[in-house]
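Trainee: The structure's right below; bear with me while I get my questions together.
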DNA sequence: ACGGTTTAAACC
DNA sequence: TGGTTTAAA
Ligand SMILES: Nc1ccn([C@H]2C[C@H](O)[C@@H](COP(=O)(O)OP(=O)(O)OP(=O)(O)O)O2)c(=O)n1
Ligand SMILES: [Mg+2]
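Numbering (full-length UniProt numbering), first residue to last: 1 to 599.
Dropping the structure here:
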């Protein structure tokens, strides 16, 4: 890497992964009869065959679409198989799909430095360091390139795409031999992504598609271009041309009212057209002339040039948990008792999912929110009448009970609801009910938490003190020897890369001024690492007298393997990164961490 | 009466 | 802040 430009050195490899017809795949795994035949997942099949929320590619080819009624799908595709979403507490229950998604992203997280789940079936990965590392060893790169089946500098894996995509996304854009190009990073990334996809298929049975580029926006833009079960790379050299003919609505964030307004008020057709507006103009449009939301002119200004600086975070667990149900027409709820009946049901589901969040992610909710729609017609205030026909939505929140079981949640919710609901609800009826838990905080919990699980670790390091005296915080050594397997995963290549490092205070202030809200301010929530949790607890009993010395440093042999294996991969990484001195021995943990290679 | 259930974030 | 709206899967 001696002739590289600054831009090339800084380039990231960011991946967007998206499961193919996801709910359908989940159902097919449970019932292989459904493989290779047109099928769809519906919820509530009582009315017109239910509403389709996911469909197989066979069904899509026959003209079936999402949001169609099951009965309508049968008109265009008489042999379609319809599977109904499970029901619990008199509502659709998506648990099986959530869990299936989690299993996939657990695998992704194990195989990438950063994995940020953004929906039930999508995530971003940052594999910059892994790609750099692979690129630093050409023999290794070539070997894995062959195994992965990724084609470089040809169009053969674009058999299904049209001319436009061929030209834009591939052609001769990847030339790994030329190190002074961002394309080589993407070439290496493509190999790694192929390996990750193979690992996901191997461990879960699911196929996914992926987009590989230098930022979130671009990888997301192309992840679906060759679905299903294909990955697509977008070279920086193709971005300008691509955006110049990309319909504005097709870019993430412009698919709604914002896009519509830009299109008909500013006669903008393509993303690239936005470039003709100065940042100042965009700001004025955003604020002054009714172009609502996304105040961030900066964001638009950068997006239309293919720039997106938002980093990939490390998070698989959801930040909030909610559930709800709609009650149409005659079924709308018309009494407090009727509302309570369903709040009770929703509370059962919410309580279960909160329990799960606590066990799996150490998350505890601080806030409960209840919201509802009402068909209220007359709202008069100061002589003005508002909203004659439309549904009004309201929401109220309250503190989450310390023991968030179904009974307590329901109690808390009804308490805030009773205050205001009754007159309105009887008059017009409640057409939707939702409850949710948010402000999920990470906590340590004796009964279910990590402390108990890591018992062996605690006892082992409590027993030692003298024998561990050689353990200090150290800068990771520049590896003189070649690292393999798990070691390689944690090796930091030469060019520093810390995308989520938070700037110090003064720098932060400066950034805020110039940044203008376009990219996300992450107030990192002082996330307690396993390391911190453990040693914070220790330091209360054992007063530390040295600030640089790490007491009771973990070593691999002190970690209970059976416990470790059950930890979410995020936590596995925390444990691993707190282990400096001793790396695991060959056989066992190699299995969990190594690059998945086709057998 | 008929696209429902969910998550995340910006906005005020 | 809490409450509302937008955008997305
Ligand atoms: N309006 C929507 C969109 C999606 N989903 C659910 C069902 C999908 O299976 C899953 C993932 O959404 P995608 O948009 O990724 O669609 P699919 O995964 O089904 O198909 P694709 O192969 O296009 O990704 O989320 C939903 O319930 N309601
Ligand atoms: Mg999908």
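For every residue, glycine included, the Cβ atom is placed at its ideal position computed from N, Cα and C.
1. Tell me the rounded alpha-carbon separation between residue 70 and residue 83.
2. At a cut-off of 7 Å, is residue 367 close to ligand 2 when judged by its beta-carbon and the heavy atoms of the ligand?
3. Are the Cβ atoms of residue 64 and residue 73 separated by less than 8 Å?
4. On the criterion of 16 or more Cβ atoms from any shown chain inside 10 Å, does residue 330 qualify as buried, or is it exposed?
5. CB of residue 21 to nearest heavy atom of ligand 1: below 7 Å?
6. What separation, rounded to the nearest whole angstrom, lies between the Cα atoms of residue 57 and residue 353?
7. Please classify residue 661 as buried or exposed, where buried requires at least 16 other C-beta atoms within 10 Å of its C-beta.
8. Hey, residue 9 and residue 311: beta-carbon distance below 8 Å or not?
9. So residue 108 is in the alpha helix (DSSP H); what residue range does that whole segment cover?
10. Could you tell me if the beta carbon of residue 121 falls within a distance shorter than 7 Å of some heavy atom in ligand 2?
11. Under 8 Å, do residue 367 and residue 323 count as touching if we go by C-beta distance?
12. For a test of your reading of the model: does the CB of residue 66 fall under 7 Å from any non-hydrogen atom of ligand 1? Yes or no.
13. Determine the burial state of residue 226: buried for a count of at least 16 other Cβ atoms within 10 Å of its Cβ, exposed for fewer.
14. May I ask whether a heavy atom of ligand 2 can be found less than 7 Å away from the beta carbon of residue 18?
15. Going by DSSP, what residue range makes up the beta strand (DSSP E) through residue 393?
16. Return helix, strand or coil for residue 430, following the three-state DSSP convention.
17. Label residue 90 either buried or exposed according to how many other C-beta atoms from any shown protein chain fall within 10 Å of its C-beta, with 16 as the threshold for buried.
18. Using only CA atoms, which one of 406, 403, 431 and 398 lies nearest to residue 417?
19. Distance, Cα to Cα, residue 14 vs residue 344?
20. DSSP three-state label for residue 306, please.
21. Using a threshold of 7 Å, is the CB atom of residue 54 nearer than that to any non-hydrogen atom of ligand 1?
22. Taking the alpha helix (DSSP H) that residue 265 falls in, what are its first and last residues?
23. Suppose only complete runs of 4+ residues qualify. What are the alpha helix (DSSP H) ranges in the region 325-380, listed by chain order?
24. Determine the extent of the beta strand (DSSP E) in which residue 124 is found, giving its start and end residues.
25. Using 8 Å as the threshold, is the C-beta distance between residue 17 and residue 123 below it?
26. For a test of your reading of the model: does the CB of residue 324 fall under 7 Å from any non-hydrogen atom of ligand 1? Yes or no.
27. Looking at the structure shown, is residue 253 part of a helix, part of a strand, or coil, going by DSSP?
28. Measuring only the C-alpha atoms, how far is residue 426 from residue 328?
29. Throw me the rounded Cβ distance for the residue 248 and residue 269 pair, which I believe falls under 8 Å.
30. With distances taken from CA atoms, which of 218, 253 and 231 is nearest residue 237?
31. Let me make sure I understand the geometry here. Which of 26, 150 and 440 has the alpha-carbon closest to that of residue 35?
32. Just checking my contact of residue 214 with residue 11 at CB under 8 Å: how many whole Å lie between their CB atoms?
Mentor: Taking the definition as stated:
1. Inter-residue distance for residue 70 and residue 83 is about 10 Å (C-alpha atoms, whole angstroms).
2. No - ligand 2 has no heavy atom lying nearer than 7 Å to the Cβ of residue 367.
3. With respect to residue 73, residue 64 sits close: the two C-beta atoms are nearer than 8 Å.
4. By the neighbour-count criterion, in which 16 or more other beta carbons inside 10 Å mark a residue as buried, residue 330 falls on the exposed side.
5. True, at least one ligand heavy atom lies under 7 Å from that Cβ.
6. Per the coordinates, the alpha-carbon of residue 57 lies some 32 Å from the alpha-carbon of residue 353.
7. As shown, the chain starts at 1 and ends at 599. That puts residue 661 outside it, with no answer to give.
8. It is not a contact, given that the beta carbons lie outside the stated cut-off.
9. Per DSSP, the continuous alpha helix (DSSP H) segment holding residue 108 begins and ends at 95-110.
10. Flag set: Cβ of residue 121 near ligand 2.
11. No, the Cβ-Cβ distance between residue 367 and residue 323 is not below 8 Å.
12. Answer for residue 66: yes, Cβ within range of ligand 1.
13. Flag for residue 226 reads buried.
14. Yes.
15. Residues 392-399.
16. Correct three-state label for residue 430: strand.
17. Its Cβ having fewer than 16 others within 10 Å, residue 90 is exposed.
18. For the residues 406, 403, 431 and 398, the minimum Cα distance to residue 417 belongs to 398.
19. CA-CA distance, residue 14 to residue 344, rounds to 43 Å.
20. Looking at residue 306 - three-state DSSP - the assignment turns out to be coil, as it is neither helix nor strand.
21. Result yes, Cβ under 7 Å from ligand 1.
22. Per DSSP, residue 265 belongs to the alpha helix (DSSP H) from 257-266.
23. Taking only runs of at least 4 residues, the alpha helix (DSSP H) segments lying wholly in the region 325-380 are 336-361.
24. Where residue 124 is concerned, the enclosing beta strand (DSSP E) starts and stops at 122-126.
25. Yes, these two residues count as a Cβ contact at 8 Å.
26. For ligand 1, not one heavy atom lies less than 7 Å from the Cβ of residue 324.
27. In the structure shown, the three-state DSSP call for residue 253 is coil.
28. Going from the Cα of residue 426 to the Cα of residue 328 covers about 15 Å.
29. Confirmed, Cβ separation roughly 7 Å.
30. If we check each option's Cα against that of residue 237, 218 comes out closest.
31. Minimum Cα distance to residue 35 is reached at 26.
32. Approximately 5 Å separates the beta-carbon atoms of residue 214 and residue 11; this is inside 8 Å, confirming the contact.
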